[in-house]
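Q: Here it is, the structure, as structure tokens.
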Amino acid sequence: MAPKINTIGVLTSGGDSPGMNAAIRAVVRKAISQGMSVKGIFQGYKGLIDGDMRDLTARDVSDTIAKGGTILYTARSRQMRTPEGQEQAAQMCRDNGIEGLVVIGGDGSFAGAGKLAELGICTIGVPGTIDLDIACTEYTIGFDTAINTAMEAIDKVRDTSTSHERCSIIEVMGRNAGHIALWCSIANGAEDVLLPENYDYNEQVLIDNIIRNRKRGKKHHIIINAEGIGHSSSMARRIEAATGLETRATILGHMQRGGSPTCRDRVFGSMMGAYAADLLSEGKSNRVVSYYHGKYVDFDIQEALAMQKELPEYMLRVNKALTV
Ligand code: F6P
Numbered sequence: 000m001a002p003k004i005n006t007i008g009v010l011t012s013g014g015d016s017p018g019m020n021a022a023i024r025a026v027v028r029k030a031i032s033q034g035m036s037v038k039g040i041f042q043g044y045k046g047l048i049d050g051d052m053r054d055l056t057a058r059d060v061s062d063t064i065a066k067g068g069t070i071l072y073t074a075r076s077r078q079m080r081t082p083e084g085q086e087q088a089a090q091m092c093r094d095n096g097i098e099g100l101v102v103i104g105g106d107g108s109f110a111g112a113g114k115l116a117e118l119g120i121c122t123i124g125v126p127g128t129i130d131l132d133i134a135c136t137e138y139t140i141g142f143d144t145a146i147n148t149a150m151e152a153i154d155k156v157r158d159t160s161t162s163h164e165r166c167s168i169i170e171v172m173g174r175n176a177g178h179i180a181l182w183c184s185i186a187n188g189a190e191d192v193l194l195p196e197n198y199d200y201n202e203q204v205l206i207d208n209i210i211r212n213r214k215r216g217k218k219h220h221i222i223i224n225a226e227g228i229g230h231s232s233s234m235a236r237r238i239e240a241a242t243g244l245e246t247r248a249t250i251l252g253h254m255q256r257g258g259s260p261t262c263r264d265r266v267f268g269s270m271m272g273a274y275a276a277d278l279l280s281e282g283k284s285n286r287v288v289s290y291y292h293g294k295y296v297d298f299d300i301q302e303a304l305a306m307q308k309e310l311p312e313y314m315l316r317v318n319k320a321l322t323v
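In this text, residue positions in the sequence shown follow numbering that gives the first Met the number 0: the first is 0, and each later residue adds one.
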């Protein structure tokens, strides 16, 4: 069947995540297979507003699936948050014959996509973020690679922490969400985890726990601290003063966003990218691709942005039971 639209654009926006290239590749190849042509837009919405784009062929995305980062580069655009910027972006689409646009990114990027949809450009969001903090989907591209990277790094910190019989506070990314921290807490067998969703800032509880564990003969004490709480270095100083135990802070930072994507991120990137191209070929607009209840589905952007996500209750209880 002939596609409802002829030319689409694809961009990555916000923080990069491993697997974004798999998604770009799938958008390009699936769209071309359906008779559409594709323009790659560089540096997210900033590049769209500046008209920084070029045609992409199926060959242009060869050898990209195993690469970290995004071949289209990315940016956080302030201009796109203004009505003027949104109108400029929509006009740039019209000037370049772009009838449909795939936006690979997080909630902030989807808000921009929603605005472009209101201005007549068919837009589809694809969830790409290491944070797993998009409510309408059970998976976001990049999460698996990031938690594996963080898990390996935490194992390494734990080795040296045990050798020196220290306490270690390890800060992981996740903006205001604790998914990376919670997964690493279970995977690394951490003694404590601090999650922005339920942390009460009571450091005495931590201090008592460290002292109790030391009395029981534990040689290390790993505290995973989520970025949303932060302040790992000052926390380490206070804990050292209160417990008398050497305490170090390690902030994993941007290394969690890099690296070759895992199999899961390559496959989710491919499936979600292809799904987005399918939606555009059907003329759909203002949708977010999601993985929900084990199926690939799509949600209205505004509906998706209004949804709330919590940390899974049972995971929290299991984590608590295992850290005793
Ligand atoms: O959204 C992904 C993420 O890595 C967050 O975990 C973090 O808060 C933020 O991006 C960091 O952004 P930047 O790379 O702009 O400092």
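Even for Gly, the Cβ is constructed at its ideal location relative to N, Cα and C.
In three-state terms, what does DSSP make of MET314?
A: Mapped onto the sequence shown, residue 314 falls at position 315. In the structure shown, MET314 sits in a helix (DSSP, three-state: H, G or I).
Q: Since LEU279 is in the alpha helix (DSSP H), which residue starts that stretch and which ends it?
A: One-based indexing of the sequence shown puts residue 279 at position 280. Looking at the DSSP string, the run of the alpha helix (DSSP H) that includes LEU279 is 262 to 280.
Q: Just list the residues that DSSP pairs SER36 with in beta bridges.
A: For the purposes of this step, residue 36 is identified with residue 37 of the sequence shown, where counting begins at 1. According to DSSP, SER36 bridges with THR6.
Q: Quick one: is the Cβ of ASP299 within less than 7 Å of any heavy atom of the ligand F6P?
A: The residue you call residue 299 lines up with position 300 of the sequence shown. Answer for ASP299: no, Cβ out of range of the ligand F6P.
Q: For ALA57, tell me which candidate among TYR72, GLY39, GLN255 and THR159 has the shortest Cα-Cα distance.
A: Looking up residue 57 in the sequence shown gives position 58. Here the closest residue by C-alpha is GLY39.
Q: Taking only runs that begin and end inside the segment 22 to 94, name each unbroken alpha helix (DSSP H) of 4 or more residues, in chain order.
A: The qualifying runs are 43 to 49 and 82 to 94.
Q: Could you tell me the distance, in whole angstroms, from the CA atom of MET271 to the CA atom of SER232?
A: Within the sequence shown, the letter at position 272 stands for residue 271. Within the sequence shown, the letter at position 233 stands for residue 232. MET271 and SER232: Cα-Cα distance of roughly 39 Å.
Q: Secondary structure at SER160, three-state DSSP: helix, strand or coil?
A: The residue you call residue 160 lines up with position 161 of the sequence shown. Looking at SER160 - three-state DSSP - the assignment turns out to be helix.
Q: Would LEU310 and LEU194 qualify as a contact pair, given that the criterion is a beta-carbon distance under 8 Å?
A: Residue 310 sits at position 311 when you count from the first residue of the sequence shown. Residue 194 sits at position 195 when you count from the first residue of the sequence shown. A contact, by the Cβ cut-off of 8 Å.
Q: Quick check: does the Cβ of ASP324 come within less than 7 Å of any heavy atom belonging to the ligand F6P?
A: With the chain covering 0 to 323 only, the question about residue 324 has no answer from this structure.
Q: With a 10 Å radius around its C-beta and 16 neighbouring C-beta atoms as the bar for buried, classify CYS135 as buried or exposed.
A: Indexing the sequence shown from 1 puts residue 135 at position 136. Classification for CYS135: buried.
Q: Look up LEU205 in the DSSP assignment and say whether it is helix, strand or coil.
A: Reading the sequence shown from its first residue, position 206 is the one you call residue 205. Helix, per DSSP.
Q: Is the segment 57 to 74 touching the segment 89 to 99, taking contact as three or more C-beta pairs under 8 Å?
A: Flag = no, the segment 57 to 74 and the segment 89 to 99 do not touch.
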